[in-house]
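FYI, in my numbering the residues of the sequence shown are 2 to 94.
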Amino acid sequence: MTAKRLLIEGRVQGVGYRASLAEQALALGLHGWVRNCRDGAVEACVDGDAQAIEAIVLWAKRGPPAARVDRIAIEDADTLPSAREVFKILPTW
Numbered sequence: 002m003t004a005k006r007l008l009i010e011g012r013v014q015g016v017g018y019r020a021s022l023a024e025q026a027l028a029l030g031l032h033g034w035v036r037n038c039r040d041g042a043v044e045a046c047v048d049g050d051a052q053a054i055e056a057i058v059l060w061a062k063r064g065p066p067a068a069r070v071d072r073i074a075i076e077d078a079d080t081l082p083s084a085r086e087v088f089k090i091l092p093t094w
């Protein structure tokens with residue numbers, strides 16, 4: 002198991018990015034969360050199989066059809082304490 006933190010910038014709010022990312026993460030068997038940031042970015046922490054994380058990162062670089070991803074920062078993260086919970090959409094932070 003591995004965990005990554007993603008910070009996605011661009012036109013990623015108001016276009017269904019969070020819901021689409023959560024749907025993709027669930028389909029890949031990942032755990033974690035996604036939320037909007039007050040600065041207009043979207044932040045996500047994903048935990049799971051390395052191949053599934055690679056797949057969600059590739060998806061995150063393009064996002065849903067209405068999104069425009071300008072930049073994505075990816076860093077290693079600690080395994081999430083709630084890693085066995087369903088993928089969540091958290092409130093804006």
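By construction, the Cβ of each residue, glycine as well, lies at the ideal position given by its N, Cα and C atoms.
Quick one: is residue i buried, meaning 16 or more other Cβ sit within 10 Å of its Cβ, or exposed?
{"i": "A53", "result": "buried"}
{"i": "V87", "result": "exposed"}
{"i": "R19", "result": "buried"}
{"i": "A23", "result": "buried"}
{"i": "L31", "result": "buried"}
CB-CB under 7 Å to residue i, same chain, minus the five flanking residues each way: which ones, in chain order?
{"i": "T3", "result": "A51 and I54"}
{"i": "A67", "result": "V16 and G17"}
{"i": "I75", "result": "K5, L7 and V58"}
Cutting at 6 Å between CB atoms, please list the residues of its own chain near residue i, excluding the five before and the five after it.
{"i": "W60", "result": "Q25"}
{"i": "R69", "result": "G11 and R12"}
{"i": "S21", "result": "P65"}
Relative to the alpha-carbon of residue i, which residue among the options has its alpha-carbon at the smallest distance?
{"i": "D77", "options": "D40, V47 and Q14", "result": "V47"}
{"i": "Q14", "options": "A28, L7, H32 and A42", "result": "A42"}
{"i": "L27", "options": "N37, A56 and I9", "result": "A56"}
Between the alpha carbons of residue i and residue j, how many angstroms are there, rounded?
{"i": "R12", "j": "K89", "result": "21 Å"}
{"i": "G33", "j": "W94", "result": "16 Å"}
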